[in-house]
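Working notes for the structure below.
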C-alpha cells in the first residue's frame, strides 16, 4: 500500500501522474525551442502552450508534502498554483486524515488563474470525494488571496516564478509560528527565484530555510 494508504485515491493519482509525465517531453522541447527564438519573452505564447498542461508536482514531492502535513497536523493549507489539482488531492488527503484524528476543522484554499483548469480541478476533486475540503479560488491570486480568514499551517508554492513572492507576501501575515512553506524547483531556477529568496532571507520575517535535494530542488522554509 502506498503512502496515502488509500488505494482508490492512489489509483486516481497514478493516472494523473502518468498523464503529466507524458507531457514532460513536449514541454522540454517547447522550452528548448523557445530559448532559441527571438520571441522567447512572448508571455502570451507561453500561457497558450501551458493552458492544457497538468504541470503536476512530482509524485515524490507530493508524497513528501502529504507526510509533512500529517506530521505537523496541518489542517489549514494554502496552495499557490492548483492547475488540474493533482497536488491538491495529496493535501486534501492529509487534511482529511488529520481531521479523523480529532483536529477540528480544516480546508485547502487553492488558487488557479485559468478557468478551464479550475473547472477540471473541481471535477477531479468531486470524483475523488474530497471537494468538501477544498475551496478553489479562481482568478488573479493578487485579488483572490486578499481575504484569508484562518491561520495557515502549511503553504505550497508551485506557480509561475514571478508570482511566487507576491503570493508569499499575501499569505505571510496568516502563517502561524512554525508554519511550513514549500516551494518547487528552487535549485533549478535559483536566479529566477531571487526575489522570493530575498523575502525569505529578510531577518524580520523569521524564516529558517533549506533546499532539499529533490529533482530541481525543493525549498523547505519554516516560519519562526
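Numbering (the working numbering), first residue to last: 56 to 279.
Virtual Cβ for every residue (Gly too), placed ideally from N, Cα, C.
1. Counting only runs that start and end within the segment 116-188, where is the alpha helix (DSSP H) found for 4 or more residues in a row?
2. Closest to residue 198 by CA distance: which of 215, 67, 186 and 168 is it?
3. Could you check what DSSP says for residue 202 in three-state terms: helix, strand or coil?
4. Roughly how many whole angstroms lie between the Cα atoms of residue 117 and residue 141?
5. If distances are taken between C-alpha atoms only, which option among 265, 274, 237 and 195 comes closest to residue 132?
6. Would a C-beta distance cut-off of 8 Å place residue 239 and residue 273 closer than the cut-off?
7. In whole angstroms, give me the CA-to-CA distance for residue 164 and residue 134.
8. Please determine, among 66, 193, 137 and 114, the residue with the shortest C-alpha to C-alpha distance to residue 76.
9. Nearest CA to the CA of residue 125: which residue from 155, 224 and 217?
10. Would you please state the rounded distance, in angstroms, between the beta carbons of residue 170 and residue 193? I believe it to be under 8 Å.
11. Go to residue 252, then tell me how far its beta strand (DSSP E) extends in each direction, as first and last residue.
12. For residue 232, which of helix, strand or coil comes out of DSSP?
13. Please say whether residue 250 and residue 278 have beta carbons closer to each other than 8 Å?
14. So the candidates are 214, 200 and 247; which of them puts its Cα closest to the Cα of residue 226?
15. State buried or exposed for residue 178, treating a residue as buried only when at least 16 other CB atoms are found within 10 Å of its CB.
16. With a Cβ-Cβ cutoff of 8 Å, do residue 188 and residue 212 count as a contact?
On the basis of the coordinates in this document:
1. Counting only runs of at least 4 residues, the segment 116-188 fully encloses the following alpha helix (DSSP H) elements, listed from N- to C-terminal order: 141-155 and 170-183.
2. As a working note, residue 198 is residue 143 in the chain shown. Nearest of 215, 67, 186 and 168 to residue 198, Cα basis: 168.
3. The residue labelled residue 202 in the question sits at position 147 within the chain shown. Reduced to three states, the DSSP call for residue 202 is coil.
4. The count along the chain shown starts at 1 and reaches residue 117 at position 62. The count along the chain shown starts at 1 and reaches residue 141 at position 86. Going by the C-alpha atoms only, they are around 9 Å apart.
5. Here residue 132 refers to the residue found at position 77 when the chain shown is read from its first residue. Distance check between residue 132 and each of 265, 274, 237 and 195 places 237 closest, using alpha-carbon atoms only.
6. Within the chain shown, numbered from 1, the residue matching residue 239 stands at position 184. Within the chain shown, numbered from 1, the residue matching residue 273 stands at position 218. A contact, by the Cβ cut-off of 8 Å.
7. The residue given as residue 164 occupies position 109 in the chain shown. The residue given as residue 134 occupies position 79 in the chain shown. Approximately 6 Å, taken between the alpha carbons.
8. Locating residue 76 in the chain shown gives position 21, counting from the first residue. The candidate whose alpha carbon is nearest that of residue 76 is 114.
9. The residue labelled residue 125 in the question sits at position 70 within the chain shown. That would be 155, whose Cα lies nearest to the Cα of residue 125.
10. Locating residue 170 in the chain shown gives position 115, counting from the first residue. Locating residue 193 in the chain shown gives position 138, counting from the first residue. About 6 Å separates the Cβ atoms of residue 170 and residue 193, confirming a contact at the 8 Å cut-off.
11. Your numbering for residue 252 matches position 197 in the chain shown. Residue range 249-255 is occupied by the alpha helix (DSSP H) that includes residue 252, with no beta strand (DSSP E) assigned at that position.
12. Taking the first residue of the chain shown as position 1, residue 232 is located at position 177. Here DSSP, grouped into helix, strand and coil, assigns residue 232 to strand.
13. On the chain shown, residue 278 is found 223 positions in, with the first residue counted as 1. On the chain shown, residue 250 is found 195 positions in, with the first residue counted as 1. 8 Å or more divides the Cβ of residue 278 from the Cβ of residue 250.
14. Counting from 1 along the chain shown, the entry for residue 226 is found at position 171. Measuring from the Cα of residue 226, the nearest candidate turns out to be 200.
15. Residue 178 sits at position 123 when you count from the first residue of the chain shown. By the Cβ-count criterion, residue 178 is exposed, with fewer than 16 other Cβ atoms from all chains shown falling within 10 Å of its own Cβ.
16. On the chain shown, residue 188 is found 133 positions in, with the first residue counted as 1. On the chain shown, residue 212 is found 157 positions in, with the first residue counted as 1. In this structure, residue 188 keeps its C-beta atom at 8 Å or more from the C-beta atom of residue 212.
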